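In the numbering used here, the protein residues as written are 79 to 268.
Using N, Cα and C, we set each Cβ at its ideal position, and we do this for glycine too.
As the structure is a prediction and not an experimental result, all values here were calculated from the model.
Below is one structure, written out as structure tokens; comments come after it.
Dropping the structure here:
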């Protein structure tokens with residue numbers, strides 16, 4: 079990961095953590111003897127090693143959680159996603175988890191909003207629910223959403239409940255980091 083991209087990603091993660099920490103009740107913040115949660119590092123090497131492992135899996139789409147931590151009453155997770163082109167993934171909507179994408183490499187068309195086509199509720203015990211992005215619904219595509227091209231260096235925030243779908247992957251693949259804000263703490267800590 080190039081230095082300027084690493085700096086941008088670090089700054090974004092820091093701002094997300096500060097923003098999320100602002101939501102902690104004032105009683106928690108001012109409790110005598112209370113200690114804030116420790117900081118957690120996710121290095122560029124952690125991200126690259128996860129992506130390398132994902133790429134060797136042979137799967138068209140991988141989404142691996144690197145860390146999920148209790149950030150003081152809410153969970154924050156960081157994961158890495160690898161998608162082979164031109165395969166399209168399924169559409170999804172996460173009930174309680176907001177996602178922030180930071181595109182490292184590649185480009186594609188992301189559709190958000192609209193309506194999931196052929197919606198199927200995810201099983202509560204599914205690994206994607208417990209380990210990645212919590213309860214929600216998957217579909218085959220989206221009707222009526224907003225399409226936008228996301229390329230290396232771009233970021234997008236997808237609020238909980240917002241349907242999203244990669245309708246096109248340009249080239250052979252794309253890689254991105256995802257930060258997941260989980261105020262209901264539905265995803266297992268890692």
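Contacts around residue 213, its chain only, beta-carbon distance under 6 Å, and the 5 residues preceding and following it disregarded: Mapped onto the chain shown, residue 213 falls at position 135. Cβ within range, chain order: 173, 207.
Helix, strand or coil at residue 215 [DSSP, three-state]: As a first step, residue 215 must be located in the chain shown, where it is residue number 137. Residue 215 falls in the strand class under three-state DSSP.
DSSP beta-bridge partners of residue 196: Within the chain shown, numbered from 1, the residue matching residue 196 stands at position 118. DSSP lists no partner for residue 196.
Any chain C beta carbon closer than 8 Å to residue 186: Judged by its chain identifiers, the structure shown contains no chain C, having just a single protein chain.
Stretch pair the segment 187 to 202 + the segment 214 to 225: three plus CB contacts closer than 8 Å: yes
Per DSSP, the bridge partner or partners of residue 220: One-based indexing of the chain shown puts residue 220 at position 142. The partner list for residue 220 (beta bridge, DSSP) reads 194.
Cβ-based neighbour list, residue 146, same chain, cut-off 6 Å, excluding 5 preceding and 5 following: Position 68 of the chain shown holds residue 146. Excluding sequence neighbours, residue 146 sits near 153, 155, 265, 267, 268.
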